[in-house]
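Those protein sequence lines, which keep their order, are chains A and B. So that you can map any letter, position 92 of the first sequence is 105 in my numbering, and since no number is skipped, the others follow by simple counting. So that you can map any letter, position 7 of the second sequence is 292 in my numbering, and since no number is skipped, the others follow by simple counting.
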Amino acid sequence: SETVTPAQYLKHPLQNRWALWYFKNDKTKGWTENLRLIAKFDTVEDFWALYNHIQQPSKLLFGCDYCLFKDGIKPMWEDDKNKKGGRWLMTLNKQQRHNDLDRYWLETLLCLIGEAFDEHSDEVCGAVVNVRPKGDKIAIWTGNCQNREAIVSIGQLYKERLGLSLKALIGYQSHDDTSSKSGSTTKNLFSV
Amino acid sequence: GTRIIYDRKFLMECRHSP
Numbered sequence: 014s015e016t017v018t019p020a021q022y023l024k025h026p027l028q029n030r031w032a033l034w035y036f037k038n039d040k041t042k043g044w045t046e047n048l049r050l051i052a053k054f055d056t057v058e059d060f061w062a063l064y065n066h067i068q069q070p071s072k073l074l075f076g077c078d079y080c081l082f083k084d085g086i087k088p089m090w091e092d093d094k095n096k097k098g099g100r101w102l103m104t105l106n107k108q109q110r111h112n113d114l115d116r117y118w119l120e121t122l123l124c125l126i127g128e129a130f131d132e133h134s135d136e137v138c139g140a141v142v143n144v145r146p147k148g149d150k151i152a153i154w155t156g157n158c159q160n161r162e163a164i165v166s167i168g169q170l171y172k173e174r175l176g177l178s179l180k181a182l183i184g185y186q187s188h189d190d191t192s193s194k195s196g197s198t199t200k201n202l203f204s205v
Numbered sequence: 286g287t288r289i290i291y292d293r294k295f296l297m298e299c300r301h302s303p
């Protein structure tokens, strides 16, 4: 008879349960109607089963998003866990869709599910990738835009994990400022 | 309590494990 060791069948639990959402820009429907929950997972193996099964961001149509959020937090500014928060935002140029987008997004997911930010990981609410004709965006959302120490630490580590050069700056913006902006740019509360 | 942390290398190794 064959012996199966626990290591061969036990899944590796994650610290958090995560929900992956998909947003499709159908202009005949409302914003919330266009936002769909794909699946939830709480083990490393279930994460990969999902990730290996879905399209990479670079294959999505313009106007689509993926959002990965902790279970119980909706991927919108209005959620109680997000409304005082903000995001580390990375804006990609058009060439980066082929070179960097999928790699950066996977790295972002691995940072989240692996709790890469140590004690500051509790500040993290989720991450979003927006696929847009003018340039794609990836952001990590955190829960409190006043929490400078955690935010800066998360930003520095995130930049390191993405392999960004020291010269490449990324900015952190509050959702309040993003939602009430009049022009096309939002001021950065922090930069790393 | 303790936090369950996985580094990049470990997570990537799990990608194609049965």
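Even for Gly, the Cβ is constructed at its ideal location relative to N, Cα and C. Keep in mind that this is a model prediction, so the values were computed, not measured.
First through last residue of the alpha helix (DSSP H) which encompasses residue i
i, result
"residue 294 (chain B)", "293 to 298"
"residue 60 (chain A)", "57 to 64"
"residue 123 (chain A)", "114 to 126"
"residue 172 (chain A)", "161 to 175"
Boundaries (first-last residue) of the beta strand (DSSP E) holding residue i
i, result
"residue 187 (chain A)", "184 to 187"
"residue 29 (chain A)", "26 to 36"
"residue 138 (chain A)", "137 to 143"
"residue 78 (chain A)", "78 to 83"
"residue 67 (chain A)", "Here residue 67 (chain A) belongs to no beta strand (DSSP E), and DSSP marks it neither H nor E."
"residue 152 (chain A)", "150 to 155"
"residue 102 (chain A)", "99 to 104"
Test: residue i CB closer than 7 Å to a CB of chain B
i, result
"residue 127 (chain A)", "yes"
"residue 61 (chain A)", "yes"
"residue 123 (chain A)", "yes"
"residue 68 (chain A)", "no"
"residue 28 (chain A)", "yes"
"residue 57 (chain A)", "yes"
Residue closest to residue i, alpha-carbon to alpha-carbon, out of the options
i, options, result
"residue 35 (chain A)", "A:16, A:41, A:67, A:56", "A:67"
"residue 73 (chain A)", "A:84, A:90, A:110, A:103", "A:110"
"residue 37 (chain A)", "A:118, A:165, A:142, A:168", "A:142"
"residue 117 (chain A)", "A:186, A:191, A:174, A:49", "A:174"
"residue 155 (chain A)", "A:114, A:87, A:69", "A:87"
"residue 31 (chain A)", "A:19, A:52, A:71", "A:52"
"residue 120 (chain A)", "A:70, A:163, A:97, A:18", "A:70"
"residue 133 (chain A)", "A:148, A:166, A:114, A:113", "A:166"
"residue 79 (chain A)", "A:122, A:62, A:39", "A:122"
"residue 90 (chain A)", "A:157, A:112, A:106, A:107", "A:157"
"residue 60 (chain A)", "A:190, A:27, A:75", "A:27"
"residue 292 (chain B)", "A:101, A:107, A:127", "A:127"
"residue 54 (chain A)", "A:29, A:146, A:159", "A:29"
"residue 294 (chain B)", "A:182, A:186, A:129", "A:129"
"residue 150 (chain A)", "A:97, A:96, A:56, A:184", "A:184"
Where residue i falls, given that 16 or more other Cβ within 10 Å makes a residue buried
i, result
"residue 298 (chain B)", "exposed"
"residue 22 (chain A)", "exposed"
"residue 290 (chain B)", "exposed"
Nearest-angstrom beta carbon gap, residue j and residue i [assumed within contact, 8 Å]
i, j, result
"residue 232 (chain A)", "residue 205 (chain A)", "Residue 232 (chain A) is absent from the structure shown; chain A starts at 14 and stops at 205."
"residue 99 (chain A)", "residue 188 (chain A)", "6 Å"
"residue 203 (chain A)", "residue 139 (chain A)", "Not a contact, Cβ separation roughly 19 Å."
"residue 137 (chain A)", "residue 125 (chain A)", "6 Å"
"residue 102 (chain A)", "residue 152 (chain A)", "5 Å"
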